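*Asks:* The working numbering puts the first residue of the sequence shown at 37, with every later residue one more than the last. Heads up, the beta-carbon is just placed ideally off N, CA and C, and yes, glycines get one too. All values reported here derive from a predicted model rather than from experimental measurement.
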Amino acid sequence: MCGRIAQAFPEGALDRLFGSTDVRSRAVNRWNVAPGQGVMAVRRGHGGQRVVCSADWGFLASWEKSPEYAKIRPINAKAETVASSRLFGSAFKSTRCLIPVRCWYEWKPVASGLKQPYAMGQTDGAPIALGGIISVRKPHRDFPAELSIAIITTAAPASLSDIHHRAPLVVGEDDWSRWLEGGTTDAADVLTRSSAGQVEAWPVSRMVNRVGTDGPALVEPVEIEAFASPIEGRA
Numbered sequence: 037m038c039g040r041i042a043q044a045f046p047e048g049a050l051d052r053l054f055g056s057t058d059v060r061s062r063a064v065n066r067w068n069v070a071p072g073q074g075v076m077a078v079r080r081g082h083g084g085q086r087v088v089c090s091a092d093w094g095f096l097a098s099w100e101k102s103p104e105y106a107k108i109r110p111i112n113a114k115a116e117t118v119a120s121s122r123l124f125g126s127a128f129k130s131t132r133c134l135i136p137v138r139c140w141y142e143w144k145p146v147a148s149g150l151k152q153p154y155a156m157g158q159t160d161g162a163p164i165a166l167g168g169i170i171s172v173r174k175p176h177r178d179f180p181a182e183l184s185i186a187i188i189t190t191a192a193p194a195s196l197s198d199i200h201h202r203a204p205l206v207v208g209e210d211d212w213s214r215w216l217e218g219g220t221t222d223a224a225d226v227l228t229r230s231s232a233g234q235v236e237a238w239p240v241s242r243m244v245n246r247v248g249t250d251g252p253a254l255v256e257p258v259e260i261e262a263f264a265s266p267i268e269g270r271a
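(1) Write down the C-beta distance between residue 75 and residue 135 rounded to the nearest angstrom, noting that I regard them as a contact closer than 8 Å.
(2) Which word fits residue 47, buried or exposed, when buried means at least 16 other C-beta atoms lie within 10 angstroms of its C-beta?
(3) Hey, could you find the ends of the beta strand (DSSP E) residue 168 is sitting in?
(4) How about residue 165 and residue 196: do their beta carbons lie closer than 8 Å?
(5) Checking 8 Å against the spacing of the C-beta atoms, do residue 41 and residue 69 come in under that value?
(6) Is residue 67 helix, strand or coil when you go by DSSP?
(7) Leaving out the 5 sequence neighbours to the left and right, which residues in its chain are closer than 6 Å to residue 129 when beta-carbon positions are compared?
(8) So, residue 95 versus residue 186, is the Cβ gap smaller than 8 Å?
(9) Per DSSP, which residues does residue 272 bridge with? Please list them.
(10) In the DSSP output, which residue or residues are listed as bridge partners for residue 151?
(11) So what does residue 190 bridge to, in DSSP terms?
(12) Bridge partners for residue 156 per DSSP, in chain order?
(13) To which residues of the same chain is residue 80 closer than 7 Å at the C-beta, ignoring the five residues directly before and after it?
(14) Can you tell which of 184, 238, 98 and 93 has its C-alpha closest to the C-alpha of residue 71?
(15) So if DSSP puts residue 197 in a beta bridge, which residue, or which two residues, is it bridged to?
Shown next as structure tokens:
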């Protein structure tokens, strides 16, 4: 799965990558983004241009009248079923997006009930793009329009599978246009060729376990600690 990300980049990196004129004003470095919080994403706008948006991480079905009473808010969607899913299918067809991240975090079991956190990304800090889908919930009575998001996951590549058996869909630069502007056939092809095998994994501090902890120290590599602490908000 993918349950924590860092969205922190060198100045100008997202402008160059996505060709969007409004990225800089939206890019606030955040090193420990958790489900339920706002996530910066790039999607296709009217006229085909790429636009930056902020969406809640936790997919809200388009038929839900209120987020407060939604029965489920999934943070991930499986690549194997996203196109055919009643919950995700419409978004996969029409509102796919890219979620730029510096890295995502995963936890490897090291002992009974204990896990070691790892960051997965480019060691030089260059952004990578995760494939996602956006739900656009229309206004209903007293509730405003709302964007919400799920990150698509695939089977982890061999290089990462000893940490977790799932990994987010990493969309290579050559596939950005297919994913954002192509049809469902193009998008389905992208689902089968994640670039997750090209990223690296390194152990990081247990500070990332606590939701609300932030700062660049969270992505710095550390020696694997003898004991790992429980992760806040996760089993």
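*Replies:* In brief:
(1) 6 Å
(2) It counts as exposed.
(3) 164-173
(4) Going by C-beta atoms, residue 165 is not nearer than 8 Å to residue 196.
(5) yes
(6) strand
(7) 220
(8) yes
(9) As displayed, the chain neither begins before 37 nor continues past 271, which places residue 272 out of reach and without an answer.
(10) 145
(11) BP columns for residue 190 point to 203.
(12) For residue 156, which the question treats as bridged, DSSP gives the partners 140 and 237.
(13) 86, 216 and 217
(14) 93
(15) DSSP, once it has assigned bridges, lists no residue as partnering residue 197.
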